[in-house]
Amino acid sequence: MKKQVSKTTVLCAIASLLVVVLTLTAWFVFLPYYNSKHFVAAAPSNLNTVSALEPKAAYGDFYISPDGDDSNNGTYEHPFRTVAAAQKAVRKMDKQYLSHIVVSILGGTYQTDGLKFTKKDSGTDSCSVIYCAYGNGEVIFDGGASYDERRQSDSSSLVEVDGASYFSISGISFINAKGSGITLKGSNINIDGCRIQDIAGCGIVCDGNKISVSSCIINYTGASGITVNGGEMKTLSPSNNSIDNNLISYTSQNNPQAPSAMLSGVGTVFSNNEIVNSPACAVYYTGNGNVIEYNYIHNTVLTDSSQAAIDSPYFRWDCYGNFVRYNCLNLIGTKIVGGDFCGIRACSGTEIVQNILLNIFGQNATGIQLNGCRDVTVKNNIFVNTGLAVNADEYDRAYEQEALELLENSPYQSKEWKKMFPTCAEISTDSQQDGYAVHPCGNTVTDNIAMQSANSIGHFAGEFKKGADIKTNAVFSLGHRHVFTDFKNGIYTIDANSEDFGSNSEFEDIPFESIGRY
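Just so you know, we're using the numbering used here here: the sequence shown kicks off at 709 and counts up by one.
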């Protein structure tokens, strides 16, 4: 006789099965949006697109060829063999009635112990001197350093420009340097469309004013990809240096704590660069009036969680007037290496506006870190899966004495500084005064949008919060994808018609199409 199953038992079984199905569905569908360990937001798909390189020079005043001879006269039919021969010829020319002098270098590999250009190689403000690649084939200057020799850098440079001005190098590859790739000292120097690769030291070192490095590829360097210094701190005279539209990757191979790019001095613009595969921070800035904008920074800070993708001497008070704006930071840190990674760590007096930060890893990951800063503006930024959008701790007093000495040795009480940075001039070095430096004040955290697991825009220590303007920030869970126009496909423009958008309807959209290389 068959045992009959009651209707109640069947219904209970169906209900139990339904619960299991719904639970598994929720687990696989919704878990990624609430656990950043499993969820990675799509990279923005509407950034700038990289265009093809411009054609090489079509003519020259002098020519260099691997098959040339230095006893020749340097014409296309009878080219020189070395740069040294071309230098001698250029130095003899009367530049008074010329608009430029071009040395065209034909394709091939040129072995060299180093090239040096001095004041004697300068052009004028009306006649620039240009060394550039010509015709078909890559122009390569090879320093001859083996892989083992590149494991330890010396003080040499494959190319040294020391004192030459109105001087340009274009379209040339420099490889296998035992020291730095290119060192630039002076003013009105341009490096354009060059490749700097397999360098024991720093890729490019810039120290001067009106230095431009553009559309270059800098990769596989032992130390930083590029360092830049210039301008005058005392008078706040800008260097007008420009680092633009470069690809910087696989830097700091011998020194994994070295940043891919280091900015110091006054008035450098670091724009539209792509930095990728850096073991440490992508950009480290000090100084005053430097601008970091329109850069695409991704897959960086891969080994050292003590650094941020864009980092600074956060404890200092003498680095006012810097801007971090219109940048995209994505995939910062790694799930494999432990640590709490950070997107941007600011120092006092920095303006951080209209950046997008995505996918920052670590148990206590942070989009923007403000360690007891003063006069920092954090406004109109987007945070997606960055852990906590903003974290503001008390000032780390372990650095107090060092920072006070740096401030007192700076011209922060000068007429120029008071005019440019009035709140910096108000900082007191007297611990008995209310305006004592370690007390954070003048900070603004407004009109930001965060999509994260935490339900507030950030953590703010008591003293920091007391002296800050924190308002109109919108926070959504990782499941509220309709805040953006097309979250799934990486379109992070704001959908102003979304009911989820709330009080930030006047949020200023980030100029995605202008970010990255072009």
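Yeah, the Cβ is synthetic: ideal placement off N, Cα and C, and Gly gets one too.
Quick caveat: nothing in here was measured; it's all calculated off a predicted structure.
Residues in the same chain with beta-carbon distance under 6 Å from residue i, minus the five sequence neighbours each way, listed in chain order, please.
i     : result
Y784  : Y771
I1218 : Q1062, I1064
T1201 : T1193, D1217
K918  : S895, N896, N948
I1135 : W1025, A1145
F825  : V869, A872
I1005 : I983, A990, A1017, L1037
In terms of alpha-carbon separation, which member of the options lies closest to residue i?
i     : options                    : result
R789  : N953, Q965, V811           : V811
S950  : Y958, T943, Y1226, N937    : N937
S1056 : C1027, Q1062, N1067        : C1027
L1096 : D1048, Q1141, T929         : D1048
E1059 : G822, C1149, G1029         : G1029
D1155 : H1147, Y767, G1166, V1146  : G1166
G933  : T757, D775, K1126, I983    : I983
G887  : D1083, F1129, P964, D906   : D906
T959  : N953, N985, M941, S947     : N985
I897  : G1051, G909, E868          : E868
S1122 : G1187, A1133, L1112        : A1133
G1051 : R1033, A750, Q1077, Y1034  : Q1077
M941  : C924, G916, G930           : G916
Y767  : P774, R1225, G782, N754    : G782
E704  : S878, R1053, T1180, G973   : For residue 704 there is no data in the structure shown, the boundaries of the chain being 709 and 1226.
T891  : S854, A853, K828, G822     : G822
K1043 : H808, K1173, G1070         : G1070
T1131 : D1138, S1139, E1116, G1150 : G1150
R1033 : I1040, N1089, I1157        : N1089
I need the boundaries of the beta strand (DSSP E) containing residue i, first residue and last residue.
i     : result
K1123 : Counting along the chain, K1123 falls outside any beta strand (DSSP E), though it belongs to the alpha helix (DSSP H) covering 1123-1128.
K1087 : 1085-1087
E1059 : 1058-1061
A1162 : Note, A1162: premise wrong, no beta strand (DSSP E); not H, not E.
L1096 : 1096-1101
Q1077 : 1074-1079
Q905  : 903-907
G1051 : 1050-1053
T1201 : 1199-1202
Y771  : 770-772
T929  : 925-929
D1194 : 1192-1194
F1091 : 1090-1092
Quickly, what does DSSP pair residue i with across the bridge? List them, please.
i     : result
C989  : None; C989 has no bridge partner.
S1136 : Y1144
T1152 : T1085, D1177
D1019 : Y992
A1227 : The displayed coordinates of the chain run from 709 to 1226. Any statement about residue 1227 would go beyond what the structure contains.
Q804  : Beta-bridge pairing links Q804 to no other residue.
V1032 : I1000, I1060
T935  : V913, M970
F1168 : A1100
V758  : Answer is none; V758 lacks a bridge partner.
H1006 : V984, N1038
D900  : S878, S922
E940  : S945
Step through the CB atoms of chain C and report whether any lies within less than 8 Å of the CB of residue i.
i    : result
Q804 : Considering every chain present, this structure includes no chain C. It has just one protein chain.
Just to confirm my understanding: we take residue i, look at its own chain, exclude 5 residues before and 5 after, and list those with CB closer than 8 Å. What are they?
i     : result
D778  : F788, R789, T790, A792, A793
S830  : V837, G871, A872, S873, Y874, F875
D862  : K886, G887, A908, G909
N1093 : S744, F747, V748, A749, L1066, N1067, I1068, M1159, Q1160, L1186
N1197 : A750, S753
E1221 : N754, L755, N756
Could you pull out every residue in the same chain whose Cβ sits closer than 7 Å to the Cβ of residue i, ignoring the five residues on either side in sequence?
i     : result
Q1015 : A988, C989, V1009
Q965  : A988, D1012
A931  : S861, G909, C910, S960, N962, N963, A966
Y993  : L971, I1000, S1020, N1030
N844  : G815
P946  : G939, V974, G975, G997
K827  : G871, A872
D1101 : N1079, G1080, A1169
Kindly indicate the opening and closing residues of the alpha helix (DSSP H) around residue i.
i     : result
A1111 : 1108-1116
Every unbroken beta strand (DSSP E) within the region 807-895, with a cutoff of 3 residues, ordered by chain
List check, beta strand (DSSP E) in window: 808-819, 823-826, 836-850, 865-870, 875-878, 881-885.
Taking only runs that begin and end inside the region 945-986, name each unbroken beta strand (DSSP E) of 3 or more residues, in chain order.
Within the region 945-986, the complete beta strand (DSSP E) runs of at least 3 residues are 949-952, 955-957, 969-971, 976-979, 982-986.
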